[in-house]
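First comes the structure, then the notes that go with it.
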Amino acid sequence: MIPRNDLLTADSPKGLEVFQLTDESIPSSHLYMEAQVFAPDSSRLLVHRSAHAHGSDQNDPEHRYLVCDLASGELMPLTTETGATAPSVTPDGSWVYYFVNETQVGGGRLTLKRVRMDGTERDTMLVIDAPLAGTDLQPSVIYPLSTIRSDGQSLALSCFLRHGERDDLPWGLMVFDLANPGVQVILQGNDWINIHPQYSRSQDPEAKHDILIQQNHGYFHSPVDGSFSVSPGGKGADIHVVRDDGSDFRNMPWGRDGNEFCQGHQCWIGRSTRAITSTGTRQPAEQQIIAGRAAPFAGHVGLA
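Heads up, our numbering is the position in the sequence shown plus 228, with the first residue counted as 1.
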């Protein structure tokens with residue numbers, strides 16, 4: 229790390245220090261803010277090189293995840309595989325789970341791996357190179373963020389789901405069992421194109437199974453031919469909560485009622501069962517930061 233106190237001003241808080249983490253000619257980036265990339269004591273975190281905040285190119289051999297040790301001021305390469313993506317640090321900070329994305333639409337291979345945060349003891353947990361068991365669905369177009377349950381026993385990842393020449397173009401959410409490696413699809417449909425899945429951080433035996441998800445109504449995107457469209461009257465996002473077995477689908481009481489609409493960037497508030505988001509309204513024309521709890525499903529209208 230390079231001290232950059234030259235960036236401080238006379239108005240900067242007393243005791244504030246600024247450090248530059250990288251100095252390579254290729255771009256480096258933090259991971260998108262909802263990613264679970266910190267050790268529990270905040271002494272270490274993940275960043276990545278040859279990347280941007282929303283991900284990386286799955287075919288870029290220069291892309292790497294790095295562990296930043298704030299105590300020693302060192303950056304340590306953690307991955308070497310081309311296609312490494314969607315890391316999650318376990319709640320105890322001992323492991324990093326990540327995927328190696330070698331998929332293509334309708335085929336290829338997706339590998340779930342784990343490595344200790346110090347770079348040792350790397351394991352391959354699961355390989356998906358055929359349609360998922362009991363389905364004709366095969367993942368591709370992998371979302372660059374995963375989310376891990378507060379007990380470290382399950383991990384969720386969104387993706388495009390298609391095998392062969394299916395006529396429909398479903399996106400969906402996979403949940404991986406980390407204790408007994410396996411995977412199931414708990415959501416699928418055309419408008420699950422930007423799910424932003426986030427496991428609850430609660431340690432309550434029931435609440436820990438909840439995943440915050442985003443549904444973009446009326447949006448259609450085909451990775452097969454690159455087409456993208458929004459159906460008339462369908463534009464807008466609902467935020468929902470679902471259990472990680474696909475049951476108990478609920479509404480967050482926000483947006484898409486004809487006046488209020490979600491801007492996104494929703495997240496859980498700490499380890500509580502409340503979540504926060506940003507919204508806008510047409511009348512009056514303003515933006516708001518609001519919070520709430522999940523309510524029973526009452527149709528795809530935000531005001532439950």
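Backbone N, C-alpha and C fix where the C-beta goes; we use that ideal spot for every residue, glycine too.
Since THR318 and ILE370 should fall inside the 8 angstroms C-beta cutoff, what is the C-beta to C-beta distance between them, to a whole number of angstroms? Going by Cβ atoms, the distance from THR318 to ILE370 rounds to 20 angstroms, so no, they are not a contact pair.
**Report entry** Check whether PRO282 and SER256 have beta carbons under 8 angstroms apart
**Finding:** Residue 282 is actually His in this sequence, not Pro. Contact flag unset, no.
| message | Am I right that MET345 and ALA267 are in contact with their C-beta atoms under 8 angstroms? What's the rounded C-beta distance? | response | 7 angstroms
For ILE414 versus GLN426, is the C-beta spacing smaller than 8 angstroms? no
For ALA234, three-class secondary structure by DSSP
Note that residue 234 is Asp in the sequence shown here, rather than Ala. It is helical.
DSSP-derived helix/strand/coil call for HIS449: strand
Let's see if you can read the secondary structure: which residues bound the beta strand (DSSP E) around GLU330? 323-332
### Query
By how many angstroms is the C-alpha of TRP399 removed from the C-alpha of PHE456?
14 angstroms
- prompt: What are the residues that DSSP puts in a beta bridge with SER368?
  reply: PHE388
Query raised in the report: What's the gap between the Cα of GLY520 and the Cα of ASP432?
Result: 18 angstroms
### Message
Going by C-alpha to C-alpha distance, which of VAL295, ASP476, VAL328 and ASP251 sits closest to ASN287?
### Response
VAL328
Go through its chain and collect everything with a Cβ distance to ALA532's Cβ below 6 angstroms, but skip five positions before and after it.
-> Its pLDDT being 37, under 50, ALA532 is placed unreliably by the model, and the measurement read from it follows with that caveat. Around ALA532: ASN479, PRO481, ALA523 and ALA526.
Worksheet item: Roughly how many angstroms lie between the CA atoms of GLU302 and ARG272, to the nearest whole one?
Response: 10 angstroms
Item checked: LYS242 (DSSP reduced to helix, strand or coil) -> coil
query: Who are the near neighbours of ILE181 in its chain, counting only those whose CB is closer than 6 angstroms to its CB and skipping five residues on each side?
result: For the chain, the structure presents residues 229 to 532; residue 181 sits outside this window and is missing.
| query | Alpha carbon to alpha carbon, what distance is there between HIS391 and LEU365? | reply | 5 angstroms
Counted within 10 angstroms of its Cβ, other Cβ atoms place THR307 as buried (16 or more) or exposed:
buried
In whole angstroms, give me the CA-to-CA distance for GLY530 and PHE448. Confidence at GLY530 is low in this model, with a pLDDT of 49, below 50, so its placement is unreliable and the value that follows should be read with caution. Whole-angstrom Cα-Cα distance: 21 angstroms.
TODO: Flag this pair as yes or no: are the beta carbons of ALA384 and SER374 separated by less than 8 angstroms?
DONE: yes
Sequence-distant residues of its chain with Cβ nearer than 8 angstroms to GLN511 (five each side left out):
ASN487
query: Cα-Cα, which of HIS445, SER475 and ASP453 is closest to GLU434?
result: SER475
Short Cβ contact (8 angstroms threshold) for VAL403 with ASP472: yes
DSSP beta-bridge partners of ILE439
TYR427 and VAL470
Notebook entry, point to check: Looking at the structure shown, is PRO255 part of a helix, part of a strand, or coil, going by DSSP?
Noted result: coil
Note to self: Please state whether the Cβ-Cβ distance between HIS424 and GLN443 is less than 8 angstroms.
What the structure shows: no
Original post:
Below 8 angstroms between beta carbons: does that hold for ARG342 and VAL355?
Top reply: no
Exercise. Assign HIS437 to one of two classes, buried (16 or more other C-beta atoms within 10 Å of its C-beta) or exposed (fewer than that).
Key: buried
Kindly list the residues whose CB is nearer than 8 angstroms to the CB of GLU252, restricted to its own chain and excluding five residues on each side of it in sequence; keep chain order.
ARG277
message = Could you compute how far the alpha carbon of SER430 sits from the alpha carbon of PRO289?
response = 37 angstroms
Using the three-state DSSP reduction, which class does PRO433 fall into: helix, strand or coil?
coil
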